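K.L.:
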Amino acid sequence: MNTDRSSENFMVHDMLQEYHGVDPILIDRDILRDHDAEVRVHPCNWGDCTMHIAVEHRQISRHLQQHHSIDTSATSGDTQKISCLWTGCLDTRGMKPGNLTRHILSHLGVQWVCSTCRTPLSREDAFRRHALEKPGCQHAKPVIKYGDKSLVIDTVCINGGWSASQNVMCIP
């Protein structure tokens, strides 16, 4: 890593920490490329990770691959199951790495609520199945609810990889 860039990151981190009195919200710089105005993030509780992840299937998968070395595309029958290391997860059976992203969305408190009957569902695929099978809900739209620990970050305010007003810092 470029030592000048690394020392700049430490300086920005320390400045934000001193100003706000808490560690800054660390997000992956790739999030900025994928969002024009706002992004909803949640603390990553995988092991001792200190970053926040975008509350989206694709971004969670990318984070698991880049920061936790998990191949989230692995779903074949001979794929070895892995345990969820999310703090507080009680799932002891293990799962295929390809199913981990959907599993983590449930940890983030994301729910797809049927606009017709108000049934909360923990996964998007479960909502689609519900809408197809439940009489009266075929034209329902999902109302997405997010967990209590999710935050909305205004990506427009992130200049040079950080935002003092939001206590956010991007990690390359």
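The sequence shown begins at 4 in the numbering used here and counts up by one.
Where a beta carbon is used, it is the ideal one built from N, C-alpha and C, also for glycine.
Please read these numbers as outputs of a predicted model, since none were measured by experiment.
Can you list, in chain order, the residues of its chain with a C-beta nearer than 6 Å to that of Pro175? Leave out the 5 residues immediately preceding and following it.
P.N.:
The residue given as residue 175 occupies position 172 in the sequence shown. The answer, listed in chain order, is Arg32.
K.L.:
Give the secondary structure of Asp81 by DSSP, where H, G and I count as helix, E and B as strand, and everything else as coil.
P.N.:
Indexing the sequence shown from 1 puts residue 81 at position 78. Asp81: coil per DSSP, three-state reduction.
K.L.:
Residues in its own chain within less than 6 Å of Gly112 by CB, not counting five upstream and five downstream?
P.N.:
Here residue 112 is taken as the residue at index 109 of the sequence shown, counted from 1. Answer for Gly112: Gly150, listed in chain order.
K.L.:
Looking at C-alpha atoms only, which residue of Glu41, Cys52 and Ser72 is the closest neighbour of Val58?
P.N.:
The sequence position of residue 58 within the sequence shown is 55, counting from 1. Closest option to Val58, Cα to Cα, is Glu41.
K.L.:
Start and end of the beta strand (DSSP E) containing His55?
P.N.:
Taking the sequence shown and counting its residues from 1, one reaches residue 55 at position 52. Looking at the DSSP string, the run of the beta strand (DSSP E) that includes His55 is His55 to Ala57.
K.L.:
Within 10 angstroms of the Cβ of Arg105, are there 16 or more other Cβ atoms? Answer buried if so, exposed if not.
P.N.:
The residue labelled residue 105 in the question sits at position 102 within the sequence shown. Looking at its Cβ environment, which holds 16 or more other Cβ atoms inside 10 Å, Arg105 is buried.
K.L.:
Reducing DSSP to helix, strand and coil, say where Ile161 ends up.
P.N.:
The residue labelled residue 161 in the question sits at position 158 within the sequence shown. Ile161 falls in the coil class under three-state DSSP.
K.L.:
Taking 7 Å as the cut-off, is the beta-carbon of Ile156 closer than that to any non-hydrogen atom of the ligand GTP?
P.N.:
With respect to small molecules bound, the structure shown includes none, and the ligand GTP cannot be examined in it.
K.L.:
Runs of 3 residues minimum, wholly inside the stretch 107-165: which ones carry the beta strand (DSSP E) assignment?
P.N.:
You should have 114-117, 145-148 and 154-157.
K.L.:
What does DSSP give as the partner residue(s) for Pro46 in the beta ladder?
P.N.:
Your numbering for residue 46 matches position 43 in the sequence shown. Pro46 is bridged to His55.
K.L.:
When burial is assigned at 16 or more other CB atoms within 10 Å of the CB, is Thr75 buried or exposed?
P.N.:
Here residue 75 refers to the residue found at position 72 when the sequence shown is read from its first residue. With 16 or more Cβ atoms within 10 Å of its Cβ, Thr75 is classed as buried.
K.L.:
Do Ala143 and Thr158 have their C-beta atoms closer together than 8 Å?
P.N.:
Locating residue 143 in the sequence shown gives position 140, where the first residue counts as 1. Locating residue 158 in the sequence shown gives position 155, where the first residue counts as 1. Cβ distance not < 8 Å, so Ala143 and Thr158 don't count as in contact.
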